[in-house]
Structures are given as C-alpha cells and as structure tokens.
Amino acid sequence: MESIFDCHHQRPEELGALEIPGNLLRRELPLPNPSELEVLRHYTRLSQRNFSIDTHFYPLGSCTMKYNPRIAHQLATLPGFARIHPACPAAAQQGLLHILAELQEDLAELTGMTGVSLSPAAGAQGELAGVAMIRAYHRQRGETQRQRILIPQAAHGTNPASARMAGFVVTELPNGPDGDLDLDALDRALGNDVAGIMLTNPSTLGVFERQIQEIARRVHESGALLYYDGANLNAILGRVKPGLMGFDVMHLNLHKTLATPHGGGGPGAGAVAVGPSLLPFLPVPRVIHDGQQYRWETHRDRPHSIGSLSAYGGNIGVLLRAHVYLRRLGAEGLRQVSAYAALNANYLMAGLQAQGYRVAFPQRRASHEFIVSVADLQQAKGVRALDIAKRLLDFGIHAPTIYFPQLIPECLLIEPTESESKATLDRFLTVMAQLRREALEDPEILRSAPHNLPVGRVDETLAARRLQVAQ
Amino acid sequence: MESIFDCHHQRPEELGALEIPGNLLRRELPLPNPSELEVLRHYTRLSQRNFSIDTHFYPLGSCTMKYNPRIAHQLATLPGFARIHPACPAAAQQGLLHILAELQEDLAELTGMTGVSLSPAAGAQGELAGVAMIRAYHRQRGETQRQRILIPQAAHGTNPASARMAGFVVTELPNGPDGDLDLDALDRALGNDVAGIMLTNPSTLGVFERQIQEIARRVHESGALLYYDGANLNAILGRVKPGLMGFDVMHLNLHKTLATPHGGGGPGAGAVAVGPSLLPFLPVPRVIHDGQQYRWETHRDRPHSIGSLSAYGGNIGVLLRAHVYLRRLGAEGLRQVSAYAALNANYLMAGLQAQGYRVAFPQRRASHEFIVSVADLQQAKGVRALDIAKRLLDFGIHAPTIYFPQLIPECLLIEPTESESKATLDRFLTVMAQLRREALEDPEILRSAPHNLPVGRVDETLAARRLQVAQ
Amino acid sequence: MPYIPHDAEETAAMLSALGLGDLEELFSEIPAELQASTLDLPTGLNEAQLRRQWEASARQQPDLLCFAGGGAYAHHIPAIVWEIAARGEFYSAYTPYQAEASQGTLQLLYEFQSFLTRLTAMEVSNASLYDGASSLVEACLMALRLRPGTSEILVSEGLWPHWQKVLTSLLSLQGITLRMLPLDPETGYTRLPSGDFSAAAALIIPQVNRYGLLEDVDQQSRWAEAQGLLQIAVVQPLALTLLRPPGEWGNGGVDIAIGEGQALGVPLSAGGPYLGFLTTRKTHIRQLPGRLVAKTVDSQGQTAYCLTLQAREQHIRRATATSNICTNQGLLVTAACIYMAVLGAKGLREAAARSHQRAVALRRRIQELPGVRVPFAGAIFQEFRVELPVSAVAFRDYALGRGILAGIPEQELDPNADPRSLLVACTELLEETDLAQYLQTLREFLQES
Amino acid sequence: MPYIPHDAEETAAMLSALGLGDLEELFSEIPAELQASTLDLPTGLNEAQLRRQWEASARQQPDLLCFAGGGAYAHHIPAIVWEIAARGEFYSAYTPYQAEASQGTLQLLYEFQSFLTRLTAMEVSNASLYDGASSLVEACLMALRLRPGTSEILVSEGLWPHWQKVLTSLLSLQGITLRMLPLDPETGYTRLPSGDFSAAAALIIPQVNRYGLLEDVDQQSRWAEAQGLLQIAVVQPLALTLLRPPGEWGNGGVDIAIGEGQALGVPLSAGGPYLGFLTTRKTHIRQLPGRLVAKTVDSQGQTAYCLTLQAREQHIRRATATSNICTNQGLLVTAACIYMAVLGAKGLREAAARSHQRAVALRRRIQELPGVRVPFAGAIFQEFRVELPVSAVAFRDYALGRGILAGIPEQELDPNADPRSLLVACTELLEETDLAQYLQTLREFLQES
Ligand SMILES: Cc1ncc(COP(=O)(O)O)c(C=O)c1O
Ligand SMILES: Cc1ncc(COP(=O)(O)O)c(C=O)c1O
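Residue numbers (this note's numbering), protein chains in the order written: chain A, 72 to 542; chain B, 72 to 542; chain C, 60 to 508; chain D, 60 to 508.
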C-alpha cells in the first residue's frame, strides 16, 4: 500500500434516518475504508521515514530542537485535562486554571515582564499580538501617525509579516560587520512615525546585541517601543530578562525554549509578555483569580484589550507541557539550559573553525547558535550550503537551517541545544570534517546527496510546476 | 552510540546514610548513566530495526500474529488497573475482579469447558498445569501407575517438555499420510500406564483431525484423559469447542488467539480450562464470587488444587487485554475470526500450489495455517526453507515458521491470520512467485539473503562458538 | 540537571577546548548589569513528584457527560489515533523543510490535504492553520488580496459569536470593515440584504450556523455570485460527511472553505491545540496562506513529497507573504489524518449520523417539556438552541452537580444574547440513557426552579 | 467485523478462487455435529462503549498510598519507559527467531542480559522467565540437573511463603523434596543446621528474606560450599544496587542467582505480568533454561545479535529440554532494560537508597508507638515486619478507608503466620508526609481499637 487512498474496500453504511433536507444531502464521500491494521501499519511505516529529535541529532538553527520530555506529554494528556470542553465553567476546571495561572506568573518572572497572556497559538501569532498592542498603545495616546516598525534585515520572516498584518509598514535596518545593529542607521530611521522596533537578542546572527541598553534608550526617547522576539530565549534562559534589557513586549516560543514538541510543524504556543505600559492591551482571555476562584477573563475585564486571537484560550495542551518542563527544571535547571546551550554551540563553532570552515562572526562568542558560510566552497567547488545539508542527512544528522539569515551567503545556522551530548557533537564534527574533504576532493558526492535515504534528492522545481497537491 | 554501555558519563551520587552493615555493602555498580534523550534515541532506533505486526506482514505459523488492538493496551493500562498492588484486598479491586470473573466465564463458554483458571503465564505453563491436573486426577483414583503421556510427533516442543516437567514419560505417536493420527499406533500405545494424550486440533500439520471423536472414545475407554493444546484455537474460534470434541483439559494461548501482543517474546497468558472431572484440581487462585464480593480463592477453597504457579494471580495485564478483545468482537466477531483465518490460509495455499510450490497435504483443506515443503528446491538447487525465509525478509515480509513440524523436511508453516487483507496476501503470492523463479534461475540470491536489511545473514554458528552473551 | 547529558569531566573538557575557565565565561559579552537578575522560581521537582501533583490537579476536573458544542465537540477518538501521532518520529520532528529526511510527515500532510479536498470538494487544501477562527481571518485576507481595492467583508450573524470577535480583533488592525448580515429572528436563518456591496470582497457563509441550523447555502452562494462577491464557506468537517460540500454549493462552488478540524480526532483539551484548515480553488493557490505539500519525484524518479510554493511564505517573502504563519498545527493534522483514515468513509458518516440523530431526538424531547421553547424549527446537524424559562447559566450549573455539562449558555459566547438561551450539542458518544438522564435533570431543574 | 479487512467483494473473489460458495464450506472437513454448538457470548461493543465501561471499572480501584511489598513494589516508572516499550515495533513483534528482522529486540535483550550480569556480578543471564517464583523453580531443576542423583533442595524458611507454595506445587510433580531450614524466632535469620545433605542439590539463599531482613549471605554461601551444595541466591534487583552482589558472596559467588524483576519499571498490575530472571556461571550455561542472546557478526562482518544455544530449548530438544518455557516476558524485559538505562547507576542507587531510608525511618517511628512491636532488629532493605496488638487485617482494612494500603497481613501469605503480623514496605515514591500520614492512621487505629 503506497497511499491510504490505495485501500479500496467497500463497506455498506448503517446510517439510519437523517432529518436533513434532500437538497443539502451529500451524494457520495470519496474516502477510503481501510482496516485498523492497514491504517496503523501505513502511518507507522510513514513515521519511520522521518528524522526527529527522538531518533536523530537535529541542529536546526533558530528552532531549538531540544529534547521534548515525554513526561510532559503524559501529564498534559491526562483525561482530566484532555477532556475538558472549553465552555466548561470555571468551577469545574480549577485544577487546570491554577496551573495556567502559575505559568503566567512563571513566564512573567522568567522574562522580567509584568503581565502575560498565554493565548497566542505560535510565535508569529504572538508577534502579531505584540505589535497590535504597540499599535493600540500609540492609538490610545493619539499617536496614530506611528505607522512604521523597524526590523533588522537579519530578522526572522515572521517579524515583518506580522508587522504588516498588524497594519504597519516595515523598515529594515542593517547590521554592522560585528553582527550588532548599525546604530547610525537606527538613528536615521527613528522618528515620530515609528511605532516600534522588533529585535531578538541574541539576534538571528547568533550573537548577543551588546548595545541593547543603548538601543532601548534611543528607541524609547523617540517615543517608540521595543518588541522582543523570544525565539532565541534559550540562549539566555534564566540569566538575562528581556524586561530588564528594556523591552516593552515580547513573545516566547514555548515550543522551542520550553521544550514542547514541534510535531512535524506544530502546534506551538507563543505567549506574550508585556511591561506595565502595555498591560491594558493584552489579548484576552488571560486566567485571573477573582478572589474566589480562577477563571478566564472576558472583554469586560480588560476593555482596552486588542481582543481575542482564537475561539478559546489558546493552545492549552502545549502550555501544560511547557509548565511541566518549567517545574521539572526549576530555577537552577533553567540557568543550566542556557549555559549548556551556549557551551555546545561554542564548542561546535570552535571545532568547525579548526577544520577550516568559515564562521560568520569569528571574533564573537556564539550564543546558542552560530553561522557558518560555505561561500568559499561554493566558489572553489560549486558546493552549496544546500549540498552540505543534504549530505549530512546521509550520516543520520538533520541539516542545520540553511539560507537564513538571508543576508549571509551560503550560510548554515547551527543550533545544537543543551540536550545533546559531547559524543554527539564530536561525531558531528567528524562528519563535517569528512564533508569538507569531500567538498574539496569529490564535490559530486555532495551535489548528488543524499544517497542513503528512502528517497534521493527531491525535485522541488517539478513539484512547483506540476502542483499535484491532492489526490 | 552503538550500545547503551557506550555512555560513559560519570554522575556523583547523593545516597545519604544507609543503615546497611559494611560487609553487605556494594562497592561499585558498573552501569552507565545516559541522559534521558540518549536512552530514548537509542531504544527508539533499536525498535526501528524490528519487523513487527504493526509494520510488516508476519505469517509466522503456529504463532497467530494477528493485529493487537491498541485499545486493549490502553484500557489494560488504565491507572486503576496498572497500579493495583497484588496484595490489595478484594474490596478495593472489585472492578478488576469482576472483569476477570467474566473472562473466566467467557473462556469456559468459548471452549465448552466447565471451569477456568487464568493463572498460567503462557501456553507452556498452561500445559504444565494441565498435565499436572491429569496426574492429580489419576493419583486421586489410586492409578499412580499412569506415568506415560502420548504426544504426536508433530506436536509443539512444549508439549513433551511440559509432560516431562510434570513427571511423565513421553511416548510419541506417528501421523498418517493424510495428516490425521495413526489410530493403530494409538491403540498400540494405549494401556493402563497411559495417563493422557496431548493433541491440538487442527493439528500442527495445519489440518483438522477428523477422527477426534473416535480418538476421544478410545482414550477415555482406556482410562486416560485428553489434553487440548489451544495454540491453534484461532482456526475454530467460536465454531468448535474443544470440550465437545471430547477434551478434558486444555490451555488457551491468549497471546495468540485473543490478540494480546507478543512483545518480542512475551508476556503471554495460558489460561487452563477443564471439564467437570478435573475441576477440583485447577490451579489456584481463581476469581470466585463468595456471595458478597469477588475475591481470589485460596488453597483452602480448593484443597485438591495442584497448587499455585506464580506468586499471585498470573499475567493480569495480558488477561485484561484479551477480555477487551473478546468483548469488542462479541460472539459473531469471534466466528468471523476463524472464518477469515481459514479463508486467508486456504487462499494462500491455493495460490502457492498454482505457482508450483508443494504443500504438505494438498488433498486436505487448510485450517488457519498450512505447510509448504521446498524439499524439491533443495534437491534441485540447494535452496533451503531457511533461504526462502531470509529472502522474504528482503521484501518486508516476515518469514513463516521454518523446520516445524520437524518431521516435514524443509518446511514452512504459513499462518496469515484473519487480520491481513487480500491485497497483502496477493503481494505475498507475487513475492513468493519471484522467489521460486529466483530459486530455479539464480539460487545464490536466496542462499545469500537477506540483502536489504540492517544486517546481512547472521552467523549463528559463530555466536554459539564465541558465546559472547553479555558485555 | 535534567535533560542535560554532560558530566563534570565532559564539561571541563569542552570548556578547556574553548579556553574558558567556567560556564559563566560563555556569557562574557553580555553586559554584567543585565546578568545580575535573580530568578524567583521554585526549585525543580523530579518526575515522580510532578506526576503526583499533576494527577491531583487533573482530578479536580470532573468527568462530565458533554452536551456542549460551540465549535468543539466531544467525539470518540479511536485508540490508535494518538498511539501513532505521539510516536517520536512525528511528535518530535520539525517542519519538513528537508524533504528527504521528512517523507513521513510530508506524505501524511499530502494525504491530509487529499482528505480535506475530498471532504470539501475543493481543489486545494493547505496543511493547517492555527484554528477555525484564525483560518477565517486568513480567508478574509486572502479574499481581499484576490479583490484588490476592497476593504469590506460581509458576515452572517450566524457565524459563531466567539469567532466574530477574533475577526474583529484581527481584521480591524488593517482597517478592514465587517458588515454583518442579521439573522431572521423567527427562523434563525441569515437574511440576504440588498444594497451596494462593491467595497466588499467576500461573503462568509457559515454552515452550520450559530444556532446549529443548516442554512440554504445554495441560495447564499448564488446571491454572492450575483453581487460579484467571493464566497467563503465556514464548515464543520464531520457534518460534511453527510452534507453537500462547499465545492458544490450554488453554481460553481465557493472560493474558499475553511473550518475547525477539532472534531477529527483532536482532544477537547480546554480549547486547544486544535487545527484550522483552509481549502480553495486551484486558481487562487498563489494567495493561499500556510504550508502546502506537493507530490513530485526524487533524483531516481521515485515518488517523493516536498513543501511547495514556499515563495508565498514569510520566510521567503517576509512582509509581503500571504500570511505571517510559520509554526502551524502539524501534530493535530497528523491526528486528524489518522482519524479520518481509521474511521473511513463509513465510520465518519456513521459518527456524523449518530451525532445528528441524538441531537434531533434530544431537541424533540426537550421541546415537549413545559416551559421550554425550541425557537427554531429548521433542520440541524448536531446542535440546537433552547430557550429555558430561567437563566441558562442556572441550569448549566445545576446539571454540573449531576455530572452533566448541559450546553453553552449563549450569553457566554455573546453578551448580547438572551440569558435564557442554551446551545446544546450531541455526539455519537452519548447513549440513549444519557439523553434520558439529561431530560430527567432538566425536568427536575424546572420543577425545582 | 472489527479487525478483519475484507469487504464483501474481496471475500467473494477469494472464495471463488477456491471454488467455494461460502465461508462455511471452509470447515467442511469438520464433522457437522462438532460444529453445531452455539456461542453464548454478548454481542460486540464498539471502542467507545468499551472505553466507557472499562474506565468505570478501573475507577472502582481506589488510588492508594502503597506500603505493601511482598515481592512487588510501587516504584516510580519514568514516562519514557513505556512510551518506548509500547512502540509497535517492540510491542507487536514475535520472539526474534529471524535474527535479521529482529536486531532491535535482540540487541535490547543482549543489553538486558548485560545489565543483569553486571547487577548480579554473574557471568550469564537469560532473557527472562515468567516471574521470580517460577525462576526459582527453574533454578532448582537446573541445580538438580547439575547434580545428577540428587532429589532434594534446601530452602530457608526466609523465602517468601507464596514462593514456597509455587516451589512445592511444581517440584513435587517430579518427586523433588524441599527441606526447610527454620528461622531463628529471635532474630528472624536463617539457622544453618547440621546433618547429612548428600541427597540435596542446592541451598536457596533469599536475600532479603521474608521479614525484609538482610541475612549474612557470606556465611550461608560458605556453609553451602562446605556441604558440597550448589547455591541459589534469591535477590531483589533494586536492592542489589546497594548490596554486595551474589556473584561475590562467600568464597566464589553463588552458582545461580534469580529474582523477580518487577521493581525495574514494571507496573504492579495486580500481580502480573512481571518478569523472572536467572543468572549463572558460564560453566553452567548449557543447563540454562530460557532464551539467550549472543553477540556475533553478519555475513559482512558487522556486529549482529541472535538467539543462541537453542539446542537447550523445547523447540529443538523437546522432552529433554532444559525447560518447557517458550513465550517468556519479553515486553517486560524491554521495559526493565529501558528503566535501568534511564535511571542509570546513579538513579538506581538513589531510588534504592530512598526506599531503604523511608523504610528505616518508618520502622523506627512505628517502634515508638505503644503496643506495637518490631520483632527483628536486624538491618533491612525496604521492608520490615511489625506486630500489632490486634489483627493486622483489621488495621489494613481501617487504613484502606484513609487511602492507604498499609502493608500485607502476613497471614495472607502464610496461613500459619501470626495474625498480628504485618509486612510493611516503602519505596522512593513515599514522601515524608506520607510516612506521617501512615503513623497518624496507625495511631488513631490503635486508639480506637
Ligand atoms: C527567530 C524566530 N522568530 C519567530 C519565529 C516564529 O515562531 P513560530 O514559528 O512559532 O510562529 C521563529 C520560528 O521559526 C523564529 O525562529
Ligand atoms: C502449538 C503450540 N503449542 C504450544 C505453544 C506454547 O505456548 P507458549 O509459547 O505460550 O508457551 C506454542 C507456542 O509457540 C504453540 O505454537
């Protein structure tokens, strides 16, 4: 069986009487009727055609592919949580709401912020909520002319896309040669039409923005606000709080920093945290304690809220997993996360440099990730970052993120995370050394990789031309 | 990481004070300290190096490798069941005991027997309990001279082994050319030193013993009893009851017939069922209802019992799974099991015959399984049953049972089970046709198989010579 | 240190390879004053302690017979759905950017897309959005892109009130206006207005509507077509197994059909994670938000799958992407795909029919109770509106004490709704005895109040 | 038809390929009178109905704080243990007869054997037997084979009474005699007799004994050696992480060490499935019962694993096999192996130490209660004996009402035991507050009775 649609069993239905007008009734439903074993076998075998953290080293930069503790999955899916209908009254979900309230507090403490709303479904929705709050803030102050958001060129694509969805115009800022922001460019860009700036620190260039306090001062002086993209929080977890760096609003990617699984694409959770100035605008609903019990707040509780982002309170199941992780680690465990995330990244960076790989910022300390550019190999041998990525797969190592940030040519963004062992890192270095040798001696091996996977290199061009997107 | 023992992390222990005399204290514990992810990744990847029902067609004769419904696993491991300590008083486990009592009754109905004890941990322990009851029966009647058990040559190895463990001497009986028992040989063997006969019907030759009523008559007349090995019950499930065939005692392999998983070797459950004459001897403990509540019986309740086979009540978790399966299928579903098990087996048998394979009993209807002999290929091309088995693996099909029953040369015992689809069977036939072509045209392909697995043919001789059995 | 493999010796070796004395030095570039902060969080618990605490918290939620709907339904989820979806290879994989290392997820997404296009009779489905409500937002933005120059969306009041709020929150950011079409207070059906709709991009057609009613979707579809509007269907996937699909509404089907996929094997989980889906015509494919998987071949010509038309997405197109979405609801898609497969056409239609029949029966019997009104007589799928003689919240709370979640007081979704209005939903999980218990509880409540 | 894939057309096609008219004809060789029987079983339930019924049954078992032991202990099982063990590839595989298709299971069994040999300091471990008690039976039979002509086994009364019963049931079938060595009523330790032991094959040395006491195993081992007896150690695997292993007892270690592996990640599950293990010297390997995995190479010289010395087993040797065992406890071995790996040396020893410390503390504090006697002063591992002023069953039942399983009234294991005797066990799952709750309950019981 190649596809589930290859199952052709016919099974007579026992529908009984339907009180549905004939003109609304469906004539046929062209779906298969596989047996339970056929389904189980098909999807179990499909699953085996995946790389995953549970099976492979997965140093995908910007994605923080750390171990997703299984205990979090088990506790979050206890029937007492999994079976609650969202419209269940607060009185019948105090256990859950208590946990969520704790999570709100923990995240506020972790980020150095004042208030937290858990409802955004992912980082990008958190960004949207965040810039929407910035918008609401300026509107409330009558500064409706603040229509621009500044974003470094190296920023993640969701940043400008979210700003645009919130009705802003985006201005991109350059970074200096050491990876830090170009302050002059910032000054030129700032003005009374600027609503805010979106940064992440450490930046997507894999280095810590050392001028952050200065940046915050200048941005605030100009009347604009600072947004913190929390996707890189793992680098400074438990050590540096965005609130203290001067940020006014941020999101966290719980599915990165707090180890909830990425599930082949999602779900995530992009809780937003704000300083005092943005508190009134937080998206509803948050969990509050009304003196008697925990409950979800409504629009009435927070009349200036930017509103609601989803039908109910967000990706609760993900939030529960994140909280299990937080409580498992505790304060000290969280600090160790950033220490070892940084140790692993710097160890790999030094190791690759020793092999002759060019890193983007050799003079800088790596944060939890770092950038290698193989522009040299491309020029000398026609070997691209893509080829390195595909060849790594042959060794059971997932490729790093490639071609992001877009401004570094032929780049690989490498993030090992703290949960990988020295032995795994050493093996990665050994493999990378072999790849470099291959690139210099026999580049075709790389260009035609992968060789040991269920499929060879996939023809993405044909895919886009044919556009066979359903069967 | 090749082996879990390749993990060399050292971790300081926090033991605290131990009130254990120094001369009893251990100095060192040479075990590894892997991280949770290292463990997860290692064993997840190992799991992928297995064939299993969930991933492959597994027509392993005599093993009834049918689909193991996942719902059974989930319900059997509900905390309310999984966390009961065996010494928990009956009052606090009425839900469980009720289910087990129902299972006892259901099995009695299914087998046409009077009483059931669930405690044997597997088929072989069920056999041991069964023949021990036969022994106790004769002893109670003063017939201590009945020291012999008759067993067909084709029987499963556990039958003679169990008889011997129960203190009996085994006499093997031949089968006739049509697969049925040689009645003359039976008559010659019967006598007042014979305690009983162990049979399975359909037999391990894959055919139904048509003379069973006659056999029962003669055995009973000689004062001996009939034991039914329930490993083949899937063939007649819901249709023919061993009790009505004349058997006095039997076991069921719940891990075959009732779809509990085989777990890479176990656990099983080998409940025993008896007719009225053996009721007093059933192993303890059974679940009984004492008028007020369900409880485990003790030796006092059944003073003539052969005793207990394990510390507590047996493999409860397996029993629960079996009962889920029984109740899911219901009477009609169970009858369909045997119908489709037989249909699938006969379909494959006919298909292979059409390709030129020799089946052991071409003139007979197959039961739920049947025997192919490749003695012809061995003579012509030096291709053995083992080679066919290994080559099948290359196509993602688990090998049938080979070299059992031992008396059929170069045999493959093929049992598709009812849960495999026609499409799967047709693919098996296509592959088998190819194998036959290969055997005739290019036998080396078979002799050196498998070619597409994580390892090539494994050197079992070296294994036995080196005897490296721990690291 | 949970989940960190390094021992002291390994840590030391790595630090020394870096020429560092201790771990703190790794942060030497960070201004010291930023690092001074303390972290006031509890110390870590071990797994056993956590399990005990959390199980205690979980037990605080009573196990209720669920008659609540409002877009989230308590359907049965077969055991294998999450047994497979939670396998590490699905659970802990990232978005399938490296196709060769992600054929499992990619083929599954492709099959999901195929299930959805077949279910909706549309040509293209994406690989999920956050949830139903945000899918509707994306659909509106997509329609506005397809109709440059417009800035308005027509919405039936029959859309779930809580979805209306999301629409308002997010569309208003871009200055988009929602123009509401009222419901007929007698029938509960959408009234099609006359007027000038040239500023509008699309009409939103919710089937079923907020009162559980089945609207005359053909009429609405044709009306929209006549006004030159795009059509956005809001559908319930399980209902579609019995109902004529949006791809066949009106003359040529709708332009975009979206919905909430929770009913397809996703646990209720207090509101999420669920999954939104969005299907459309092939001609609109370049305006599609979210990921899309295509079938193609590999270098040897074997079938293979990969993400396609990534140039629509934020990681390439940045500010001008079709959406900001990046992480979506992959694992729920996995569950939904397996759910649809294991139920199959037969199982899906039977689950839908059973849900429908339970609701029809309950509505009929509730109607017979004195003092209770069932305001709308139209055909329903699995949900309906009841008007009690007293506050719906009061009954809901009363029933809670009997182990029943009796429905959603409409006012909790919409502060302007009648406080006596209760939305009641049924699924195939409810047995005849459960309906009887519901009726008995309601009867007793009515007597006591 | 649950779990049967065929539709009517496929069934018809297959029947017609066989020249049959209907399914019943497949059974034409079976005498009609045998087929006449009816089957009085309920009709099948769907998965949702089953789940509901079974969850209700499961809820009838109260969640208890567990202070019961007797060979089965409520230790914490980390989440990943069963997440991995229940993966289909382990769960639904058969015994690894085809090595090439079973390298996963085989390597895991090899690692299990390695864990066990390291834990016991023995040279060889099999790949499991049914449970501890049946392992002891097998050990006795093995010893008798190693000492041809003998027919007796010496057993300390310190062996669990319920294991003694199994020994009696199964060894008596072959006419083997158990000769009991009594315990000293003052100390609770085994008394070593003098006499003629030439008919005996082995001495069974239980460490810990039925009162939870740690015996002087070196003395017993040397005594057995002096009598020319083989030595069979009965050990608790978790205790071995702190205690000197049987491979080092006496002068040269014991000959066979067996035990119950339940404490290693296996749920209590009302008594099973658990797993027995059996370890021995390499010189005795050909008398080993049960399966054995060896490391070898494949045709290319790569490392590979396979079953070995199968000629010992019933499927080859039939009546003269070393045991009748075929199906063993593979899945529990899988869990135990993962359990030992994930706890690691450190985690195992800490769990053992915590269990020990809780038990020591509880014993000490119970001893202070008026009227309660702790008869034996010797060192314990995690379990101990208490003598109450009244019936132990009465206290057990009283505590049950407070959510505590207070221990095992010894009489339930051994009808001849003192009715006031209670066996109390602790694990690392019990917190300080749980001990306090136990003591408070006992105190109140004593006051009330
Ligand atoms: C730096 C950065 N920002 C934002 C995001 C967006 O987060 P999400 O994918 O959860 O929407 C990502 C995720 O890939 C990211 O890496
Ligand atoms: C015919 C037959 N009898 C008995 C047995 C023994 O059953 P178990 O493996 O459960 O001990 C088997 C199992 O392989 C068998 O096939």
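Beta carbons: idealized from backbone N, C-alpha and C, even for Gly. Being a predicted model, the structure only gives us computed values, none of them experimental.
Whole-angstrom distance between residue j and residue i, CA atom to CA atom
i         : j         : result
Ala438(C) : Gly404(A) : 57 Å
Arg146(D) : His144(B) : 11 Å
Val483(C) : His415(C) : 12 Å
Pro332(D) : Gly324(D) : 12 Å
Val293(D) : Glu88(C)  : 59 Å
Ala302(B) : Asp190(C) : 50 Å
Glu180(A) : Thr369(B) : 59 Å
Ser194(D) : Ile317(D) : 6 Å
Pro155(C) : Leu459(C) : 44 Å
Gly317(B) : Arg310(B) : 15 Å
Ala447(C) : Glu503(C) : According to the sequence provided, residue 447(C) is Leu. The question's Ala does not apply to it. Roughly 13 Å separates the two Cα atoms.
Arg82(B)  : Leu407(D) : 12 Å
Ile425(C) : Gly466(C) : 13 Å
Glu109(B) : Gly128(D) : 32 Å
Leu229(D) : Leu505(D) : 41 Å
CB of residue i within 9 Å of CB of residue j, strictly
i         : j         : result
Phe279(B) : Ser438(B) : yes
Val140(C) : Val401(C) : yes
Gln361(C) : Gly527(A) : yes
Gln499(C) : Tyr364(C) : no
Phe239(B) : Arg212(B) : no
Cβ separation of residue i and residue j, assumed to be a contact under 8 Å, to the nearest whole Å
i         : j         : result
Gly388(B) : Ser253(D) : Incorrect: roughly 46 Å between the Cβ atoms, too far for contact.
Thr488(A) : Leu350(A) : Not quite, the Cβ-Cβ distance comes to about 33 Å (not below 8 Å), so this is no contact.
Ala153(A) : Gln364(A) : So it is not a contact: roughly 22 Å between Cβ atoms.
Within chain B, the residues that residue i reaches when beta carbons sit closer than 9 Å
i         : result
Asp277(D) : Asn94 and Leu95
Under 8 Å from the C-beta of residue i: neighbouring residues of chain D
i        : result
Phe76(B) : Glu170 and Ser173
Chain-ordered neighbours of residue i on chain A, where CB pairs are closer than 7 Å
i         : result
Asp125(B) : Leu111, Arg112 and Thr115
Cross-chain neighbours of residue i in chain E, by beta carbon under 8 Å
i         : result
His221(C) : No chain E is part of this structure, whose protein chains are labelled A, B, C and D.
Near ligand 3: residue i beta-carbon under 8 Å from a heavy atom
i         : result
Asn387(D) : In the structure on display, ligand 3 does not appear, and the ligands it does have are ligand 1 and ligand 2.
Partners in chain B for residue i, counting only beta-carbon separations shorter than 7 Å
i         : result
Arg377(D) : Gly228, Pro231 and Ala232
Asp66(C)  : His80, Gln81 and Arg82
**Start-end ranges of the beta strand (DSSP E) lying completely within the segment 215–283 of chain B, minimum 3 residues** = Given a length threshold of 3 residues, each whole run of the beta strand (DSSP E) inside the segment 215–283 of chain B is given here in chain order: 219–223, 240–244 and 265–270.
**Message:** Restricting to runs no shorter than 4 residues, where is the alpha helix (DSSP H) found entirely within the segment 102–132 of chain C?
**Reply:** Runs of the alpha helix (DSSP H) lying entirely within the segment 102–132 of chain C and spanning at least 4 residues, in chain order: 106–118.
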